[in-house]
Amino acid sequence: MRLSRAAAIVLRQFYLLRGSPSRVFPLFVWVAIDIVLWGFITRYLGTITHQPGMDLLPALLGAVLLWDFLTRVMQGVTMAFFEDVWSRNFLNVFATPMTITEYVTGLVLSSIATSSVGLVVMLVVAGAVFGLSMLVYGAMLVPFLLVLFLFGIALGIIGTAVVLRLGPSAEWFIWPIPALLSPFVGVFYPLSTLPSWMQAIARLLPPSYVFEGMRTIVAGGSVSWTTVLMGGGLAVLYIVLAALFFNRVFRLAVRTGLIARYSAESVS
Amino acid sequence: MAEPSSNPPVLSVRELCKSYASTVAVDGISFEVGRNEIVGLLGPNGAGKTTTINMVLGVLEPTSGAIHIQGVDLSKRRSQALEYTNFAAVYAPLPGNLTVVQNLRYFGMIYGVKRVSERIEALLQEFDLTRFRDTKCGVLSSGEQTRVALAKAMLNRPQLLLLDEPTASLDPSTARDIRARIRDFTAKGTGGVLWTSHNMYEVEEVCDRVLFMSRGKVLLQGDPRKLPHEHGKATLEELFITVAREPLALEHP
């Protein structure tokens, strides 16, 4: 693998971001709005509920922050891919020596850069305006972020594969994926709240382990490394499955001529 | 990059087939593109030209057959084989939201071009693009966009250059210029060109050899200046029209 080819994808994203406020603002505006909105909701709930030992700030606002981070990671991958869809660039990109691994690595590196911007903005707003310190999660903050990052990457790769397979209009299947998953992973409530069939699904989703762990810490308990490793292991598994899925879809697209038709729909 | 086998043709296509369900788009064609040679791939719409080019570009998998670029098997060592190629096609403009220089740098990195900044400057001059260097490609005229696409196609000094109607949107003066540059490319280097065009005048002027395709098969091949007379036609255009309308007459003379 040549990293310079993956770096080309990142450079392209940088060029696009540098010259386009409409691409830069979404990196931090929506997450900042989310943090402000949920920050005030948390404050309000704090005034009407007086549960001893329950700190709403890290339980609610922290959950929003972590969930938005996952969403941004996923969108970081898909947005970099959509740039090729929107500019009808598939033929130019895939008729080069760049391998699929290099291309997907480029998408992931782009996502690391763009999602980091969102994360920093959220941390600053949540800390400065509402006094949330993510240090409340202790040493578990790092594995929590890592699990969510890995799962976000997996979702992003799956999303790109779906759009590659079904065509540009399928991007509308991709945007709601985090919203569809959020009820299952218990962002705002313990998994025990869910019916058993939803709990069964939740156990297959890495973020469930993060949010359950987060609430355990906020309630004064401690999270076992087994739980974290379970979440991390699942996230790695999903990345492997996502990469296999993308590779399979790409091979199908090469076999059926889909790659060429993405750019050359009217070619004789 | 591993060294290619000693002095193979830049492109060797053997018994290449592509079928979609019951439709045969390319039907067992074989041909080569030699060094310093410009080969025209001609034929009516739907003949299989672009399907063939897409297979050579590695974006369409053949049903059967083999493609070797510079002696490297495309199906086995795709990335290495494609390092020797580049292409420009009217239906594959470069991203319009990047400037000329940004596009060239982006693709230069992908093709692993050494000293990419110097190479970009040279190409900007060669294709008369210096004044557009910081202009977004999407706002360039179609002729200017074609020149940018050709500059991108020359970035890695390809051994095999694939050009799908490269002059389709150019005015006659610019088209002549571009033809001269492509001829220069094959004359001075060691590369070859596979060129499709519907402009028979251009084909006669540029191509050393032409392949006439119809219904997925290569019906005729030869020198574009001699081929019409060998088949009782006054011009290449007449021959083209016969291929398009009565391919069977040529298939079974």
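Residue numbers (the numbering used here), protein chains in the order written: chain A, 829 to 1096; chain B, 14 to 266. Virtual Cβ for every residue (Gly too), placed ideally from N, Cα, C.
Distance between beta carbons of residue j and residue i, contact taken as under 8 Å
{"i": "A/I863", "j": "A/A954", "result": "5 Å"}
{"i": "B/T209", "j": "B/I66", "result": "7 Å"}
{"i": "B/K230", "j": "B/D40", "result": "5 Å"}
{"i": "A/Y965", "j": "A/I1067", "result": "A/Y965 to A/I1067, Cβ: 23 Å. No contact."}
{"i": "A/S915", "j": "B/P108", "result": "4 Å"}
Opening and closing residue of the alpha helix (DSSP H) in which residue i lies
{"i": "B/S25", "result": "Where B/S25 is concerned, there is no enclosing alpha helix (DSSP H), although the beta strand (DSSP E) it sits in stretches over 24 to 33."}
{"i": "B/Q158", "result": "155 to 167"}
{"i": "B/M226", "result": "Where B/M226 is concerned, there is no enclosing alpha helix (DSSP H), although the beta strand (DSSP E) it sits in stretches over 222 to 227."}
{"i": "A/T875", "result": "849 to 876"}
{"i": "A/I1074", "result": "Position check: residue 1074 of chain A holds Phe in this sequence, whereas Ile was assumed. Residues 1053 to 1084."}
{"i": "B/D141", "result": "No alpha helix (DSSP H) holds B/D141; DSSP gives it neither H nor E."}
{"i": "A/L969", "result": "969 to 994"}
{"i": "A/D883", "result": "Per DSSP, A/D883 belongs to no alpha helix (DSSP H) and is neither H nor E."}
{"i": "A/L947", "result": "928 to 958"}
{"i": "A/L894", "result": "890 to 914"}
{"i": "B/G121", "result": "113 to 123"}
{"i": "A/Y843", "result": "831 to 846"}
{"i": "A/W1000", "result": "999 to 1002"}
{"i": "A/S1010", "result": "1005 to 1013"}
{"i": "B/T65", "result": "62 to 69"}
Cβ-based neighbour list, residue i, same chain, cut-off 8 Å, excluding 5 preceding and 5 following
{"i": "A/A1092", "result": "Confidence at A/A1092 is low in this model, with a pLDDT of 43, below 50, so its placement is unreliable and no value can be given for it."}
{"i": "B/E139", "result": "A164, M167, R194"}
{"i": "B/R146", "result": "T112, V113, V114, L137"}
{"i": "B/E243", "result": "G235"}
{"i": "A/S1096", "result": "Low per-residue confidence applies at A/S1096: pLDDT is 30, beneath 50, and the placement is therefore not dependable, though the value from the model is reported in the following sentence. Cβ within range, chain order: n/a, list empty."}
{"i": "B/M14", "result": "Residue placement at B/M14 is poorly supported in this model, since its pLDDT is 47, which falls under 50; the coordinates are not used for a value here."}
{"i": "A/L873", "result": "L884, L888"}
{"i": "A/V957", "result": "I863, V864, G867"}
Best match in the options for proximity to residue i [C-alpha to C-alpha]
{"i": "A/F909", "options": "A/T927, A/L1069, A/L885, A/G934", "result": "A/G934"}
{"i": "A/L947", "options": "A/I928, A/L1080, A/W895", "result": "A/W895"}
{"i": "B/K31", "options": "B/V23, B/Y124, B/P22, B/S43", "result": "B/S43"}
{"i": "B/P241", "options": "B/I123, B/F253, B/F198", "result": "B/F253"}
{"i": "B/A4", "options": "B/T76, B/I82, B/T248, B/V126", "result": "Residue 4 of chain B lies beyond the range of chain B shown here (14 to 266); nothing can be said about it."}
{"i": "A/S832", "options": "B/M122, B/M68, B/K239", "result": "B/M122"}
{"i": "B/K201", "options": "B/P179, B/L224, B/P171", "result": "B/P171"}
{"i": "B/G61", "options": "B/N99, B/A38, B/V52", "result": "B/A38"}
{"i": "B/A102", "options": "B/F198, B/H244, B/T180", "result": "B/T180"}
{"i": "A/I985", "options": "A/L865, A/P971, A/L1069", "result": "A/L1069"}
{"i": "A/V1038", "options": "A/L969, A/L845, A/I861", "result": "A/L969"}
{"i": "B/N49", "options": "B/V126, B/N20, B/N58", "result": "B/N20"}
{"i": "A/A1047", "options": "A/S938, A/L885, A/A1071, A/I1029", "result": "A/L885"}
{"i": "A/W1000", "options": "A/R1079, A/V1056, A/W1053, A/M907", "result": "A/M907"}
{"i": "B/V206", "options": "B/M226, B/N212, B/R222", "result": "B/R222"}
{"i": "B/E28", "options": "B/M213, B/M68, B/G78, B/V69", "result": "B/G78"}
{"i": "B/E178", "options": "B/V69, B/M213, B/V85, B/N110", "result": "B/M213"}
{"i": "B/L232", "options": "B/V256, B/G204, B/V152, B/V216", "result": "B/V256"}
{"i": "B/R228", "options": "B/S25, B/T63, B/Y104, B/P22", "result": "B/T63"}
{"i": "A/V949", "options": "A/L855, A/V932, A/T870, A/I981", "result": "A/L855"}
{"i": "A/R1079", "options": "B/N169, B/R91, B/N99, B/T248", "result": "B/R91"}
{"i": "B/S186", "options": "B/L249, B/V26, B/E157, B/G204", "result": "B/E157"}
{"i": "A/G867", "options": "A/V952, A/W1053, A/L898", "result": "A/V952"}
{"i": "B/S130", "options": "B/R192, B/N169, B/G109", "result": "B/N169"}
The beta strand (DSSP E) enclosing residue i, as first and last residue numbers
{"i": "A/R1031", "result": "Per DSSP, A/R1031 belongs to no beta strand (DSSP E) and is neither H nor E."}
{"i": "B/W208", "result": "205 to 209"}
{"i": "B/D40", "result": "36 to 46"}
{"i": "B/L54", "result": "51 to 55"}
{"i": "B/K230", "result": "230 to 235"}
{"i": "B/N99", "result": "98 to 102"}
{"i": "B/S182", "result": "B/S182 -> no beta strand (DSSP E), and no H or E assigned at all."}
{"i": "B/H81", "result": "77 to 82"}
{"i": "B/L176", "result": "173 to 177"}
Spatial neighbours of residue i in its chain, beta-carbon cut-off 7 Å, leaving aside the 5 residues before and after
{"i": "B/E251", "result": "P241"}
{"i": "B/P266", "result": "The predicted position of B/P266 is uncertain, since its pLDDT is 48 and thus under 50; a value taken from the coordinates is nonetheless stated next. So the list is empty, once near-sequence residues are dropped."}
{"i": "A/L960", "result": "L885, P886, L889, G890, A954"}
{"i": "A/R1043", "result": "A887, P1018"}
{"i": "A/S848", "result": "none"}
9 Å Cβ cutoff, residue i in contact with chain D
{"i": "B/V72", "result": "Given the protein chain composition of this structure (A and B), no chain D is represented."}
Cβ neighbours of residue i in the same chain (closer than 6 Å, five flanking residues each side left out)
{"i": "A/A989", "result": "F1073, F1074, V1077"}
{"i": "A/S943", "result": "R900, V901, G904"}
{"i": "A/Y1090", "result": "F918"}
{"i": "A/R993", "result": "V1077"}
{"i": "A/L1022", "result": "none"}
{"i": "B/G53", "result": "W208, V216, C220, V223"}
{"i": "A/V991", "result": "A998, E999"}
{"i": "B/V126", "result": "R132, L168, N169"}
Any chance the stretch 1024 to 1036 of chain A sits against the stretch 1045 to 1065 of chain A, with 3 or more Cβ pairs inside 8 Å? Of all C-beta pairs linking the stretch 1024 to 1036 of chain A to the stretch 1045 to 1065 of chain A, three or more are shorter than 8 Å, placing the two stretches in contact.
Are the stretch 55 to 74 of chain B and the stretch 1069 to 1084 of chain A in contact at 8 Å, needing three or more beta carbon pairs? yes
Contact the stretch 922 to 937 of chain A vs the stretch 94 to 112 of chain B: 3+ CB pairs below 8 Å: yes
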